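The structure appears below as structure tokens.
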Amino acid sequence: MISESTRARFDREVAKYPADQKRSAVMACLSIVQDEQGWVSSDAEAAIADYLGMATMAVHEVTTFYNMYNQQPVGAFKLNVCTNLPCQLRSGQNALHYLEGRLGVKMGQTTPDGLFTLQQSECLGACADAPVMLVNDRNMCSNMSNERLDQMLEALRQKAKAAQAAGKGVQS
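Numbering (the working numbering), first residue to last: 6 to 177.
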């Protein structure tokens, strides 16, 4: 389940902690698996648990607590729209519904072409810039009006086309 290169990456993360606290690297190990595979399967959780000397359930609890870990395959672009109260007061829910209509999917679904997965998110900590969203858990997008949402979708589609033309996968 864990390749030698993955194990080497795990080793580098575990080395940052005292030997008796290697469990502290659980989030880093989950991120490594997700970076390599696109999501964290139950088999991957079990492999991480075995590597770190933890109960599989303890790793699963971390995976399910944070929405940055994908528990199933997602599209090339994961769109997390904040729907907490400050964003809702500034049209966050409307942004989510607008994207559902534009993409033809409901929250939690992936477009048939595998390009976009749409999710709602807890607070992203940018309330003054609401509504906000996070693309692929890394790129914050602020003040997301319908026009800006359309521009973002078009830019991501172009990025995917360019990556496909170059024979590469899409990177955020």
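Beta carbons are placed, not taken as given, at the ideal position from N, Cα and C, and that holds for glycine. Source: prediction; values computed, not measured.
At what residues does the beta strand (DSSP E) containing residue i begin and finish?
i, result
"L84", "F82 to C87"
"Q124", "F121 to S126"
"M32", "First-last for M32: V31 to Q42, but that is the alpha helix (DSSP H), not the beta strand (DSSP E)."
"N144", "N144 to C146"
With a 10 Å radius around its C-beta and 16 neighbouring C-beta atoms as the bar for buried, classify residue i as buried or exposed.
i, result
"S126", "buried"
"F15", "buried"
"Q39", "buried"
"M6", "exposed"
"E159", "exposed"
"P136", "buried"
"Q124", "buried"
"T69", "exposed"
"A20", "exposed"
"E50", "buried"
"A30", "buried"
"A171", "exposed"
"K27", "buried"
"A133", "exposed"
Using DSSP with H/G/I as helix, E/B as strand and the rest coil, what is residue i?
i, result
"T68", "helix"
"M157", "helix"
"V175", "coil"
"T116", "coil"
"M73", "coil"
Taking 6 Å as the limit between beta carbons, can you name the residues of its chain near residue i, skipping five residues before and five after?
i, result
"T122", "V79, G80, K83 and T115"
Residue i lies in the alpha helix (DSSP H); which residues open and close that run?
i, result
"M138", "Counting along the chain, M138 falls outside any alpha helix (DSSP H), though it belongs to the beta strand (DSSP E) covering M138 to V140."
"A52", "S47 to L57"
"V19", "E9 to V19"
"A100", "G97 to L108"
"C92", "L90 to L94"
Spatial neighbours of residue i within its chain, please: C-beta separation below 7 Å, excluding the five flanking residues on both sides.
i, result
"N145", "The question names Asn, but residue 145 is Met in the sequence shown. Cβ within range, chain order: L129, A131, V137 and L139."
"Y74", "L35, Q39, V45 and T68"
"D41", "In the sequence under discussion, the amino acid at residue 41 is Glu, which differs from the Asp named in the question. Answer for E41: T11, listed in chain order."
Cutting at 8 Å between CB atoms, please list the residues of its own chain near residue i, excluding the five before and the five after it.
i, result
"N72", "N85, Q124, S126 and E127"
Touching or not, the segment 55-68 and the segment 81-93, by the rule of three or more beta carbon pairs under 8 Å?
no
Decide if the segment 65-78 is in contact with the segment 96-113; the criterion is three or more beta carbon pairs, one per stretch, under 8 Å apart.
no
Any 3 or more C-beta pairs closer than 8 Å across the segment 153-172 and the segment 101-109:
yes
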